[in-house]
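Enquirer: Got a structure for you, written out below as structure tokens; questions coming shortly.
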Amino acid sequence: MSVPIASYELRFRAVGAPDAAWQYRSQVAGTVFVVRELQRGTPYEMQMRSVGTNGRASAWVDVAVDVPDTNRIGAAALPNIGNQQSMWDMTTSVTFAASSDAAGASVATVSVTAGTLIIGSVQVSYAASSATLTGTAGQKVTVYLYYVDPQLVGGSRQLMLTTNIVETANANGNVAISSLQITFPAAGASGSGGGGIGGGGGSGGSRNPAFEEVPR
Numbered sequence: 004m005s006v007p008i009a010s011y012e013l014r015f016r017a018v019g020a021p022d023a024a025w026q027y028r029s030q031v032a033g034t035v036f037v038v039r040e041l042q043r044g045t046p047y048e049m050q051m052r053s054v055g056t057n058g059r060a061s062a063w064v065d066v067a068v069d070v071p072d073t074n075r076i077g078a079a080a081l082p083n084i085g086n087q088q089s090m091w092d093m094t095t096s097v098t099f100a101a102s103s104d105a106a107g108a109s110v111a112t113v114s115v116t117a118g119t120l121i122i123g124s125v126q127v128s129y130a131a132s133s134a135t136l137t138g139t140a141g142q143k144v145t146v147y148l149y150y151v152d153p154q155l156v157g158g159s160r161q162l163m164l165t166t167n168i169v170e171t172a173n174a175n176g177n178v179a180i181s182s183l184q185i186t187f188p189a190a191g192a193s194g195s196g197g198g199g200i201g202g203g204g205g206s207g208g209s210r211n212p213a214f215e216e217v218p219r
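The numbering used here applies: residue 4 is where the sequence shown begins, and numbers increase by one.
Laid out in structure tokens, this is it:
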């Protein structure tokens with residue numbers, strides 16, 4: 004005869020830690036465990052067991068857990084980075100210069116000035132960077148800018164451009180910069196646009212609007 008489950012017990016510790024390091028949590032059946040002590044990038048051992056209404060507990064069952072590093076940070080990041088706000092310094096800017104030849108083939112050079120990403124008390128400085136994007140005269144496109152920097156060491160990084168915002172978040176260590184809206188100029192013409200992105204990122208600043216082209 005089965006006994007109804009009254010509660011669940013959870014215990015966890017960092018992989019390799021001694022038995023004395025186990026931390027315990029208990030929740031009434033039907034509720035969700037919330038564990039706030041886990042650290043990013045740290046593998047944990049977790050075990051759970053059920054406790055019946057008669058007070059008897061089942062055997063511990065292993066659960067492998069590896070808390071991932073932050074997927075992406077910066078101006079296009081999720082609201083917080085592991086509960087740490089992030090923002091770019093006020094001098095950071097993103098600009099572009101675009102041109103179209105007589106046949107309507109277009110190219111835009113997107114540039115990011117040197118800037119500093121601020122994450123709580125940590126500051127990560129990046130060198131200036133640029134990348135090119137092709138299109139056709141009159142085409143409108145929104146691109147998302149990011150760096151690949153899993154260890155947050157900063158320095159010189161290849162500027163990455165994508166029209167799919169998911170690509171900025173599908174790998175650990177992507178550092179989002181901003182979004183940029185480009186309208187390629189008419190055949191035989193050129194244009195430019197952009198501006199400052201400082202203060203954006205996480206909940207440390209306002210979300211950056213897309214930048215519109217300024218014809219010239």
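Glycine included, each C-beta is placed from N, C-alpha and C at the ideal position.
Could you check what DSSP says for residue 170 in three-state terms: helix, strand or coil?
Expert: Correct three-state label for residue 170: helix.
Enquirer: Can residue 98 and residue 197 be called in contact, C-beta distance under 8 Å?
Expert: It is a contact, given that the beta carbons lie within the stated cut-off.
Enquirer: Could you spell out the range, first to last residue, of the beta strand (DSSP E) harbouring residue 125?
Expert: Its beta strand (DSSP E) spans residues 125–129.
Enquirer: What do you reckon, are the CB atoms on residue 100 and residue 195 nearer than 8 Å?
Expert: In contact: residue 100 and residue 195 (Cβ atoms closer than 8 Å).
Enquirer: Are there any heavy atoms of the ligand MG lying less than 7 Å away from the beta-carbon of residue 98, as far as the coordinates show?
Expert: Although the ligand MG was asked about, the structure shown includes no ligands whatsoever.
Enquirer: Got a sec? Which residues, its chain only, sit under 6 Å from residue 159 by beta carbon, not counting five neighbours each side?
Expert: Closer than 6 Å at the Cβ level, and outside the excluded window around residue 159, lie 130.
Enquirer: Should the segment 126–145 be called in touch with the segment 177–185, which here means at least 3 C-beta pairs below 8 Å?
Expert: The segment 126–145, when compared against the segment 177–185, does touch it at the 8 Å Cβ threshold.
Enquirer: Apart from the five residues on each side of it in sequence, which residues of its chain come closer than 6 Å, Cβ to Cβ, to residue 121?
Expert: Cβ within range, chain order: 90.
Enquirer: Within 10 angstroms of the Cβ of residue 171, are there 16 or more other Cβ atoms? Answer buried if so, exposed if not.
Expert: Answer is buried; the Cβ neighbour count reaches 16.
Enquirer: Starting from the Cα of residue 17, find the closest Cα among 187, 55, 49 and give me that residue.
Expert: The candidate whose alpha carbon is nearest that of residue 17 is 49.
Enquirer: Please go through the same chain and pick out, in chain order, the residues whose beta-carbon is closer than 6 Å to the beta-carbon of residue 31, but skip the five residues on each side of it.
Expert: Answer for residue 31: 10, listed in chain order.
Enquirer: Among residues of its own chain, excluding the 5 on either side of residue 133, which ones have a beta-carbon nearer than 8 Å to its beta-carbon?
Expert: Cβ neighbours of residue 133 beyond the five flanking positions: 112, 113, 114, 115, 162.
Enquirer: Quick check on this structure: which residue in 137, 103, 119, 104 has the alpha carbon closest to the alpha carbon of residue 94?
Expert: Ranking 137, 103, 119, 104 by Cα distance to residue 94 puts 119 first.
Enquirer: Might you give, ordered along the chain, the residues of its own chain that have their beta carbon closer than 6 Å to the beta carbon of residue 75, omitting 5 neighbours on each side?
Expert: Note that residue 75 scores a pLDDT of 49, beneath 50, so its modelled location is shaky; the value from the coordinates is reported in the next line. Once the five neighbours on either side are set aside, the close Cβ partners of residue 75 are 171, 172, 177, 179.
Enquirer: If you draw a straight line from the alpha carbon of residue 165 to that of residue 41, how long is it in whole angstroms?
Expert: About 32 Å.
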